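Chemist: Residue numbers (the working numbering): 6 to 196.
Take this structure, written in structure tokens, and hold onto it; I'll ask about it next.
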Amino acid sequence: MKKILTSLFVLATFSLAKNIVYSDEIISLYLHQNDTKVVGRLLPTNAFEILEEQNAKVLVKINGYLNPKSPSVIYFNNSQRIIVAAFSKNIKLNFSQIKKGKNGKWDKVSIKIWADKKDFFKDNKKMLSRAKELFSNNCGICHALHSEKEFSANAWPAVFKSMVNRTGIDKKDQWLIIEYLQKNAKDFKIK
Ligand code: HEC
Numbered sequence: 006m007k008k009i010l011t012s013l014f015v016l017a018t019f020s021l022a023k024n025i026v027y028s029d030e031i032i033s034l035y036l037h038q039n040d041t042k043v044v045g046r047l048l049p050t051n052a053f054e055i056l057e058e059q060n061a062k063v064l065v066k067i068n069g070y071l072n073p074k075s076p077s078v079i080y081f082n083n084s085q086r087i088i089v090a091a092f093s094k095n096i097k098l099n100f101s102q103i104k105k106g107k108n109g110k111w112d113k114v115s116i117k118i119w120a121d122k123k124d125f126f127k128d129n130k131k132m133l134s135r136a137k138e139l140f141s142n143n144c145g146i147c148h149a150l151h152s153e154k155e156f157s158a159n160a161w162p163a164v165f166k167s168m169v170n171r172t173g174i175d176k177k178d179q180w181l182i183i184e185y186l187q188k189n190a191k192d193f194k195i196k
């Protein structure tokens, strides 16, 4: 009897477990399942939940923070410009507010939206090591490698973009490396 109960319990927890995944490349986002018009982009290394799969699309839930000054961007934490997903400006988006930000901190929100189905990953460790390797192999050729900790999370995108054209870094890996640098910046905050 105890065995049966335990297996039922395991089964229940298993089916309740959220399907949290990560992508190492940019994912296109759509308002409806059959849309071809891209309304946003989900950036690499960020967690999202898969709610449903339909043909080549997945319905995903993205959590993050909304800065009232840029309401078409979901950020990773409540104060730094580390982008999780960015949307077209003239699109009506249905964010659900999870928690109101206090003292000028941004509101915690989530959004359900359709995305292209790809080979997603169960964690982002390997892609972050690949990003570190790409950064180390490409950014220390002409001068000593600048440390991840040398710049703030907000400063890294511009610094990186001003230099990336001098490297052979593939266009599809650029946001992977930017996210890696921001998440290892000197002032990075997890929340
Ligand atoms: C082809 C040579 C070359 C490569 C490759 C290169 N850099 Fe530079 N970097 C330079 C030169 C030259 C300067 C001096 C300033 C300038 O020319 O803009 C510089 C300056 C810098 C600075 C100092 C400027 C500042 O804003 O303080 C940083 C930081 C930097 N590079 C980061 C990087 C990163 C990150 C990469 C990899 C994406 C990279 N570099 C790849 C040549 C290179």
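Glycine is no exception: its CB is placed at the ideal position from the N, C-alpha and C atoms.
All figures in this text were calculated on a predicted structure; none of them were measured in a lab.
Grab the span of the alpha helix (DSSP H) containing Q179 for me, first residue to last.
Modeler: Q179 to Q187 is the extent of the alpha helix (DSSP H) around Q179.
Chemist: Note down the Cα distance separating E155 from N189, rounded to an integer number of angstroms.
Modeler: Cα-Cα distance, rounded: 10 Å.
Chemist: Does DSSP classify S28 as helix, strand or coil?
Modeler: S28 falls in the coil class under three-state DSSP.
Chemist: What distance in whole Å lies between the Cβ atoms of N68 and Y80, which are believed to be in contact at a cut-off of 8 Å?
Modeler: The Cβ separation is near 11 Å, so there is no contact.
Chemist: Alpha carbons only, please: which of A149, H151, N159 and R135 is nearest the one belonging to K177?
Modeler: Looking at the Cα atoms, R135 is the closest of the given residues.
Chemist: Tell me whether T172, by its Cβ, gets closer than 7 Å to a heavy atom of the ligand HEC.
Modeler: Checking every heavy atom of the ligand HEC against the Cβ of T172, one is found closer than 7 Å.
Chemist: Which residues does DSSP pair with W119 in a beta bridge?
Modeler: BP columns for W119 point to Y35 and L64.
Chemist: Look up L48 in the DSSP assignment and say whether it is helix, strand or coil.
Modeler: Note: L48 maps to coil in three-state DSSP.
Chemist: At a cut-off of 7 Å, is N142 close to the ligand HEC when judged by its beta-carbon and the heavy atoms of the ligand?
Modeler: Not under cutoff, so the answer is no.
Chemist: Let me check understanding here. Comparing Cα to Cα, which of N51, N95, S101 and I55 lies closest to N82?
Modeler: Checking every option, the nearest Cα to that of N82 belongs to N51.
Chemist: When you measure from the CB of I183 to every non-hydrogen atom of the ligand HEC, does any distance come out below 7 Å?
Modeler: I183: no, Cβ never under 7 Å from the ligand HEC.
Chemist: According to DSSP, simplified to helix, strand and coil, what is V43?
Modeler: Looking at V43 - three-state DSSP - the assignment turns out to be coil, as it is neither helix nor strand.
Chemist: Relative to the alpha-carbon of N108, which residue among V114, P49, W180 and S84 has its alpha-carbon at the smallest distance?
Modeler: Answer by Cα proximity: S84.
Chemist: Measure how close the beta-carbons of A90 and L47 come, nearest whole angstrom, since I'm counting them as under 8 Å.
Modeler: Contact holds; Cβ gap of about 5 Å.
Chemist: A91 lies in the beta strand (DSSP E); which residues open and close that run?
Modeler: I88 to F92 is the span of the beta strand (DSSP E), which, as asked, contains A91.
Chemist: Between the alpha carbons of I182 and Y35, how many angstroms are there, rounded?
Modeler: Near 25 Å, if we compare the C-alpha coordinates of Y35 and I182.
Chemist: Tell me the DSSP secondary structure of K113 in three-state form.
Modeler: In the structure shown, K113 sits in a strand (DSSP, three-state: E or B).
Chemist: Please find out if some non-hydrogen atom of the ligand HEC comes closer than 7 Å to the beta-carbon of V164.
Modeler: It does: the Cβ of V164 is within 7 Å (strictly closer) of some heavy atom of the ligand HEC.
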